[in-house]
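Asks: Residue numbers (the working numbering), protein chains in the order written: chain A, 136 to 477; chain B, 10 to 261. We put the beta carbon where it would ideally sit given N, CA and C, even for glycine.
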Amino acid sequence: MTVGCVPKGRLTDFVCHICRGRQLIGVRQKEPGFVEFAELDSPDELVLDYVSTPLPPKAFIYPPIETLVRMRLGTAPQVETVLDETPRAIVGVHPCDLHALAQLDVILGDHYGDPHYFARRQSALLVGVDCLPDEHCFCGQVGTARAEGKCDVFLTDVGLAYLVECWSDEGREAVEGFGGLEEVTPAVLEAARARMERKLAGIEPRLSAPVEMLPMLLDGHQKASEWEDVAAKCVSCGACNLVCPTCNCFDVYDEVALSLTEAERKRRWDGCMLREFTLVAGGEVFREGKPDRLRHRMQRKYNYLYVRYGSPFCTGCGRCARSCPAGIHPVSAVNQVTASES
Amino acid sequence: MSAKPKVAFFSFTGCEGCQLAVLELEPVLLDILGAVDIVSFREAMTEHSEDYEIAFVEGSISTPHDVEEVQHIRQRAGLVVAIGACACSGGLNALKNRRGMDDVLQTVYGSSGSWFETIPARPVSAVVPVDLELPGCPMDGNEFVWAVKSLLRGEMPKLPQIPVCVECRLKGNVCVLAHKGKHCQGPITIAGCGAICPSHGGHCVGCRGYLAHPERDAHMEILQEHGLTVDEVRAQYSLFNTYSEMAREAAS
Ligand code: SF4
Ligand code: SF4
Ligand code: SF4
Ligand code: SF4
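#1: Spatial neighbours of ALA256/B within its chain, please: C-beta separation below 7 Å, excluding the five flanking residues on both sides.
#2: Exposed or buried, GLN194/B, counting other C-beta atoms within 10 Å across all chains shown (16 or more means buried)?
#3: Checking contacts by CB at 7 Å: is PRO465/A closer than that to chain B?
#4: Quick check: the region 142–156 of chain A against the region 301–315 of chain A, are there 3 or more CB pairs under 8 Å?
#5: Return yes when the Cβ of CYS95/B is within less than 7 Å of the Cβ of ASN102/B, no when it is not.
#6: Going along chain A, which residues have a C-beta under 9 Å from ARG162/B?
#7: Which same chain residues end up closer than 7 Å to PRO321/A when comparing Cβ atoms and leaving out the 5 residues on each side of it in sequence?
#8: In terms of residue numbering, what span does the beta strand (DSSP E) encompassing MET110/B cover?
#9: Please write down, chain order preserved, every residue whose beta carbon lies under 6 Å from a heavy atom of ligand 1.
#10: Pull up the DSSP beta-bridge partners for CYS301/A, would you.
#11: Note down, in chain order, each residue of its chain lying with its Cβ closer than 7 Å to the Cβ of ALA359/A, except the 5 sequence neighbours on either side.
#12: So which residues put a beta carbon under 7 Å from any heavy atom of ligand 3, going in chain order?
#13: Quick one: is VAL175/B near chain A, going by C-beta distance under 7 Å?
#14: What residues are listed by DSSP as bridge partners for TRP404/A?
#15: Would you mind working out which of ASP405/A, CYS384/A, HIS234/A and VAL277/A sits nearest ALA344/A, comparing C-alpha positions?
#16: Around the Cβ of MET10/B, are there at least 16 other Cβ atoms within 10 angstroms (buried) or fewer (exposed)?
#17: Kindly list the residues whose CB is nearer than 6 Å to the CB of TYR262/B, restricted to its own chain and excluding five residues on each side of it in sequence; keep chain order.
#18: Can you pull the DSSP bridge partners for CYS140/A?
#19: So that I know if they touch, is there some Cβ in chain B lying closer than 7 Å to that of HIS368/A?
#20: Short check: CB of HIS234/A to CB of THR279/A, under 7 Å?
#21: Which residues, in order along the region 354–383 of chain A, keep a beta-carbon less than 8 Å from a beta-carbon of chain B?
#22: Just to make sure I have the definition right: I need the residues of chain A whose C-beta is within less than 7 Å of the C-beta of ALA44/B. Which are they?
#23: If we call anything under 7 Å between Cβ atoms a contact, is ILE197/B one with HIS228/B?
#24: Does the distance between the C-beta of VAL299/A and the nearest non-hydrogen atom of ligand 2 fall short of 6 Å?
#25: In chain B, what lies closer than 9 Å to LYS425/A by C-beta?
#26: Taking Cβ-Cβ distances shorter than 7 Å, what residues in chain B pair up with ALA461/A?
#27: DSSP on SER20/B, reduced to helix/strand/coil?
#28: Along the chain, where does the beta strand (DSSP E) that runs through LEU143/B open and close?
#29: Using only CA atoms, which one of GLU300/A, ARG255/A and ARG256/A lies nearest to VAL264/A?
#30: Can you tell me which of PRO447/A, THR291/A, LEU393/A and PHE412/A puts its alpha carbon nearest to the alpha carbon of ILE171/B?
#31: Give a yes or no on whether the minimum CB-CB distance between VAL16/B and chain A is below 7 Å.
#32: What are the residues that DSSP puts in a beta bridge with PRO172/B?
#33: Leaving out five residues before and five after ARG410/A in sequence, what residues of the same chain have Cβ atoms less than 7 Å from its Cβ?
#34: By the criterion of Cβ-Cβ separation under 8 Å, what are the contact partners of ILE171/B in chain A?
#35: Hey, could you find the ends of the beta strand (DSSP E) GLY161/A is sitting in?
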């Protein structure tokens with residue numbers, strides 16, 4: 136639902152208003168040429184016109200390292216589940232990253248549900264913002280360029296103002312009472328439409344086959360040897376997993392206090408491109424070579440999870456491609472392998 | 010293991026920075042002292058005892074006398090833990106190994122060179138069996154505490170065989186290899202330092218030693234694309250890892 140326009144000069148007031156009573160997470164300058172999601176000291180730091188961040192906003196719902204349970208050891212052991220229900224507002228989330236959170240909801244909600252994830256997720260107000268792509272983005276080809284309904288409040292840059300849409304009751308409540316909203320004129324709607332057009336036009340059509348075809352095409356390329364060429368320069372650094380907004384694998388470990396009477400069970404993001412990830416009890420490594428690991432990662436993104444949950448588990452955010460020291464782009468990898476004879 | 014294991018620290022060729030790293034653990038140092046009985050520690054105490062269960066050994070082995078002494082330690086200690094780059098991989102000291110030992114003595118001691126004995130610097134594990142290695146220049150204090158806690162529980166700690174890049178990415182760092190043209194060795198180096206160098210404007214030079222299964226060829230190729238020659242890449246790998254690099258060269 137479109138509710139009005141915030142003139143850019145009032146943006147800070149608007150953000151203060153909708154985030155009242157919440158920890159403010161937003162995009163800010165990190166170092167020259169790079170921005171990041173972080174807890175902001177002031178809404179003045181907020182940057183809404185940006186392309187991408189090293190880590191996705193997922194990091195504030197599903198942190199890189201988190202404590203799952205605290206334990207008191209000894210004769211009467213106690214276990215306490217740690218749930219973080221801090222009310223947060225995450226401001227400046229792009230449509231691809233909103234889709235990613237929706238996909239995490241699905242995969243982490245499957246079976247038993249992940250209480251740690253959902254505690255933060257349900258406590259967070261998501262404020263999305265529209266964007267323009269760079270050469271690595273391909274949201275337009277995996278169906279994530281628009282994110283209607285996937286956040287509470289959505290902002291679109293319409294020149295001198297932001298168009299404000301509320302897509303949830305929480306979003307409406309958050310915006311309610313803000314005095315500075317201006318009327319949405321036909322010119323504003325036209326500007327928003329033109330902006331989306333510009334975004335879509337700016338996305339290089341990288342994928343050679345329609346995304347719907349990928350599960351079928353990839354089924355024919357299950358041999359690790361077919362992925363050797365595309366993986367040749369991979370250093371198995373795991374960056375592509377660790378920066379991905381939809382990757383959700385983790386490693387669990389315990390940290391015991393020196394007194395040996397207290398301990399914390401923690402988890403840390405993990406990734407299938409790391410050799411150790413595929414090391415199991417008994418010393419067996421079930422995906423020994425990097426071609427096999429890259430094959431698996433691509434199959435997960437564009438085949439297995441697609442078939443299982445109905446959408447590709449890649450939002451086209453381009454982070455893996457931007458981060459890869461070997462310059463491996465998932466779309467180029469998929470194009471190259473699916474174009475070859477199986 | 011008894012409630013309070015007797016622990017000793019020994020130092021061979023190195024800067025004793027790893028012992029300092031232990032002393033710098035001030036916030037938890039008292040807790041450590043409460044949990045173990047330190048019977049020998051040159052940086053911090055003058056007493057010395059020959060009765061110990063865990064020997065933490067710092068420094069590389071670079072004289073015939075070092076060899077004898079570390080063998081003696083091995084015989085007395087139940088567990089030998091190598092701490093720091095010098096003890097785990099030979100460290101910077103092994104840079105001399107590419108030169109003749111006479112040449113090295115001459116350079117350092119001039120005409121008095123013949124008064125001293127030296128051998129190519131080597132990690133402790135090249136001389137005696139080592140139960141655990143805590144690498145890094147210097148050793149990471151947090152990792153040391155983590156290892157001590159495991160040992161106190163009677164478990165042998167196992168360092169994850171994951172690259173420094175994992176810790177670097179989890180911090181949300183901008184990759185200096187992908188984006189800043191630095192010759193970072195994070196992808197092939199064992200994590201555990203919290204990616205401290207790339208987190209503070211530097212790049213990883215491999216002080217913690219290389220993974221058991223490093224993607225060395227791919228990493229070399231990337232550095233060559235950054236403009237380095239093969240020899241220049243090898244020189245970079247040799248900064249902290251001359252000992253293993255020379256072993257590689259000998260084997261190939
Ligand atoms: S696979 Fe790459 S492009 Fe796709 S969502 Fe993950 S990081 Fe983004
Ligand atoms: S980021 Fe690139 S080099 Fe690193 S594991 Fe992924 S594909 Fe390999
Ligand atoms: S800066 Fe170095 S350690 Fe960090 S991710 Fe890049 S290559 Fe790895
Ligand atoms: S980043 Fe590399 S060089 Fe720096 S401390 Fe860690 S392992 Fe050593």
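Replies: This is what the structure gives:
#1: none
#2: buried
#3: no
#4: yes
#5: yes
#6: VAL391 and LEU395
#7: none
#8: Segment 110–118 is the alpha helix (DSSP H) holding MET110/B; no beta strand (DSSP E) there.
#9: VAL378/A, CYS379/A, PRO380/A, THR381/A, LYS436/A, CYS449/A, THR450/A, GLY451/A, CYS452/A, GLY453/A, ARG454/A, CYS455/A and PRO465/A
#10: VAL288/A
#11: GLY424, PRO426, ASP427 and ARG430
#12: CYS372/A, ALA374/A, PRO460/A, PRO172/B, VAL173/B, CYS174/B, CYS177/B, ARG178/B, ASN182/B, CYS184/B, VAL185/B, LEU186/B, ALA187/B, CYS193/B, GLY195/B, PRO196/B, ALA204/B, PRO207/B, HIS212/B and CYS213/B
#13: yes
#14: PHE385/A
#15: VAL277/A
#16: Confidence at MET10/B is low in this model, with a pLDDT of 45, below 50, so the placement of that residue should be treated as unreliable; the coordinate-derived value is given next. MET10/B should be labelled exposed.
#17: Summary: the structure shown does not reach residue 262/B, with chain B confined to residues 10 through 261, and so no result is reported for it.
#18: LEU298/A and GLU317/A
#19: In the sequence under discussion, the amino acid at residue 368/A is Lys, which differs from the His named in the question. For LYS368/A, the answer is yes, since a Cβ of chain B falls inside 7 Å of its Cβ.
#20: yes
#21: ALA367, LYS368, CYS369, VAL370, SER371, CYS372, GLY373, ALA374, LEU377 and VAL378
#22: LEU393
#23: yes
#24: no
#25: GLU224 and ALA227
#26: ALA227 and ILE231
#27: strand
#28: 141–143
#29: GLU300/A
#30: PHE412/A
#31: no
#32: ILE199/B
#33: SER371 and VAL420
#34: GLY373, LEU409 and GLU411
#35: 158–166
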